[in-house]
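K.L.:
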Amino acid sequence: MARPLIELKGIGKSYGKLRVIDGIDLDIPRHSVVSLIGASGSGKSTLLRCLNGLEDIQQGQIRFDGEVISGLGIDHVALRRRIGMVFQSYNLFPHMSVLDNCIVAPVTTHSCSRTEAEARALTMLERVGMRDKAKAFPDQLSGGQQQRVAIARTMIMQPEALLLDEITSALDPELVMEVLDLVRDLAMQGMTMLLTTHEMNFAREISDKVCFLHAGRILEEGPPEQVFGSPREAATRSFLRRVT
Ligand code: ADP
Ligand code: MG
Numbered sequence: 001m002a003r004p005l006i007e008l009k010g011i012g013k014s015y016g017k018l019r020v021i022d023g024i025d026l027d028i029p030r031h032s033v034v035s036l037i038g039a040s041g042s043g044k045s046t047l048l049r050c051l052n053g054l055e056d057i058q059q060g061q062i063r064f065d066g067e068v069i070s071g072l073g074i075d076h077v078a079l080r081r082r083i084g085m086v087f088q089s090y091n092l093f094p095h096m097s098v099l100d101n102c103i104v105a106p107v108t109t110h111s112c113s114r115t116e117a118e119a120r121a122l123t124m125l126e127r128v129g130m131r132d133k134a135k136a137f138p139d140q141l142s143g144g145q146q147q148r149v150a151i152a153r154t155m156i157m158q159p160e161a162l163l164l165d166e167i168t169s170a171l172d173p174e175l176v177m178e179v180l181d182l183v184r185d186l187a188m189q190g191m192t193m194l195l196t197t198h199e200m201n202f203a204r205e206i207s208d209k210v211c212f213l214h215a216g217r218i219l220e221e222g223p224p225e226q227v228f229g230s231p232r233e234a235a236t237r238s239f240l241r242r243v244t
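Numbering of the sequence shown is given in full-length UniProt numbering, commencing with residue 1 and proceeding in unit increments.
#1: Answer yes or no: do CYS211 and LEU36 have a C-beta to C-beta separation smaller than 8 Å?
#2: Would you say ILE24 and ILE11 are within 8 Å of each other, going by their C-beta atoms?
#3: Could you check where the beta strand (DSSP E) with ALA161 kicks off and where it finishes?
#4: Indicate, with yes or no, if the ligand MG has a heavy atom lying under 7 Å from the CB of GLU174.
#5: Given a cut-off of 8 Å, decide if SER207 and VAL86 are closer than it, judged by their beta-carbon atoms.
#6: Indicate whether the contact test is met: 3 or more Cβ pairs, each with one atom in the region 107–126 and one in the region 150–162, closer than 8 Å.
#7: Buried or exposed for PRO223, going by 16 or more other Cβ atoms inside 10 Å?
#8: So if DSSP puts LEU213 in a beta bridge, which residue, or which two residues, is it bridged to?
#9: What do you reckon, are the CB atoms on LEU162 and ASN52 nearer than 8 Å?
#10: Would you kindly report the start and end of the unbroken alpha helix (DSSP H) that includes GLY229?
#11: Ordered along the chain, which non-local residues of its own chain (more than five positions away) have a Cβ less than 8 Å from that of SER97?
#12: Does the structure place the region 39–59 close enough to the region 193–209 that three or more beta carbon pairs sit under 8 Å?
#13: Please write down, chain order preserved, every residue whose beta carbon lies under 5 Å from a heavy atom of the ligand ADP.
#14: Could you pull the DSSP bridge partners for residue 245 from this structure?
#15: Measure how close the beta-carbons of VAL128 and ILE151 come, nearest whole angstrom, since I'm counting them as under 8 Å.
#16: Using 7 Å as the cut-off, classify the Cβ of LEU166 as near or not near the heavy atoms of the ligand MG, replying yes or no.
#17: For GLY66, which option in SER42, GLN59, ARG30, MET200 has the closest C-alpha, if you only look at C-alpha atoms?
#18: In the structure shown, what three-state DSSP assignment does LEU51 receive?
#19: For the beta strand (DSSP E) containing GLU7, list its first residue and its last residue.
#20: So, using beta-carbon positions, are SER42 and HIS214 closer together than 8 Å?
#21: For ARG204 versus GLU220, is the C-beta distance shorter than 8 Å?
#22: Would you check if the distance between the CB atom of GLU55 and the CB atom of LYS13 is smaller than 8 Å?
#23: Closer than 7 Å by C-beta to ILE74: which residues in its own chain qualify, once you throw out the five before and the five after it? Chain order, please.
#24: Taking 7 Å as the line, does the beta carbon of THR197 fall inside it for any heavy atom of the ligand MG?
Structural data, given as structure tokens:
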């Protein structure tokens with residue numbers, strides 16, 4: 001069997017005395033979509049943040065394409081180029097145009113020339129349906145449009161995997177679909193993704209695997225039909241009753 005793109009082994013993390021991630025093992029095969037579901041505070045965001053080095057871990061090991069990416073001596077700038085992350089708040093720079101927001105990372109990290117960055121940015125903006133807004137500023141866009149730009153900005157770095165943390169939670173309900181449609185396109189194009197979402201129908205539809213987090217552990221995992229359709233654990237059933 002092919003080696004998973006991302007391998008988490010025995011991950012543990014605490015904030016002071018609070019154990020937030022309590023022994024997580026998880027494999028994410030290349031080209032697969034894995035969703036993390038679970039109550040607020042169960043550790044979903046922390047786990048994603050550990051994966052691209054925004055937080056360090058105290059136990060365990062993370063491998064990306066076979067290479068250890070946790071612990072000391074990791075080049076986090078290089079890592080974040082390989083593992084892109086999109087957040088609930090789009091975090092676009094308000095004083096920069098859409099196009100400039102998209103090229104700031106490749107240009108400042110010297111990963112390509114400005115001309116090439118602009119060409120790539122326009123191609124990516126086209127893909128997310130935002131090319132005609134390249135000159136606009138973030139406050140002239142809807143939340144859904146800003147989030148599509150944020151995704152394009154991440155994709156410009158040509159990441160090998162994407163981490164998506166509640167990327168539709170701040171959006172008005174009528175704008176959620178345009179962002180989810182884009183995530184669905186990326187999945188169909190084979191992007192490897194680890195995501196957290198409140199949109200259970202979406203998680204059910206898009207995921208190859210769903211993990212239910214409870215108090216920093218994966219209490220239950222499996223194909224979406226199983227986790228949503230016939231959850232084994234009482235805590236999973238109770239969570240799903242509350243959110244669906
Ligand atoms: P989720 O994304 O599932 O809602 P989080 O990963 O954000 O959960 O949080 C898990 C737990 O870690 C919560 O109890 C939260 O309060 C705590 N936590 C998250 N970040 C910090 C931090 N920087 N310092 C202290 N505690 C934190
Ligand atoms: Mg969270």
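Glycine included, every Cβ here is placed at the ideal spot set by N, Cα and C. The structure displayed is predicted, hence computed values, not measured ones.
P.N.:
According to the structure data:
#1: Their beta carbons are under 8 Å apart, which means CYS211 touches LEU36 by this criterion.
#2: In this structure, ILE24 places its C-beta atom within 8 Å of the C-beta atom of ILE11.
#3: 161–165 is the extent of the beta strand (DSSP E) around ALA161.
#4: It does not: the Cβ of GLU174 is nowhere closer than 7 Å to a heavy atom of the ligand MG.
#5: It is not a contact, given that the beta carbons lie outside the stated cut-off.
#6: These segments touch.
#7: Note on PRO223: under 16 other CB atoms within 10 angstroms of its CB, so exposed under the neighbour-count rule.
#8: DSSP lists ILE218 as partners of LEU213.
#9: No.
#10: For GLY229, the enclosing alpha helix (DSSP H) begins and ends at 224–229.
#11: Excluding sequence neighbours, SER97 sits near ALA134, LYS135, ALA136, PHE137.
#12: Three or more beta-carbon pairs separated by less than 8 Å link the region 193–209 to the region 39–59, which places the two stretches in contact.
#13: Those satisfying the condition are, in chain order, TYR15, VAL20, SER40, GLY41, SER42, GLY43, LYS44, SER45, THR46.
#14: Only positions 1 to 244 of the chain appear in the structure, and residue 245 is not among them; the question remains open.
#15: Confirmed, about 6 Å.
#16: It should be noted that the sequence gives Glu, not Leu, for residue 166. True, at least one ligand heavy atom lies under 7 Å from that Cβ.
#17: Among SER42, GLN59, ARG30, MET200, the Cα nearest to that of GLY66 is on ARG30.
#18: Of the three classes helix, strand and coil, the one that applies to LEU51 here is helix, per DSSP.
#19: Element bounds for GLU7: 6–15.
#20: Yes, the pair counts as a contact, with Cβ atoms nearer than the cut-off.
#21: Not in contact: ARG204 and GLU220 (Cβ atoms no closer than 8 Å).
#22: Closer than 8 Å, so yes.
#23: Excluding residues within five positions, the ones whose Cβ falls inside 7 Å are GLY53.
#24: Distances taken from the Cβ of THR197 to the heavy atoms of the ligand MG include none shorter than 7 Å.
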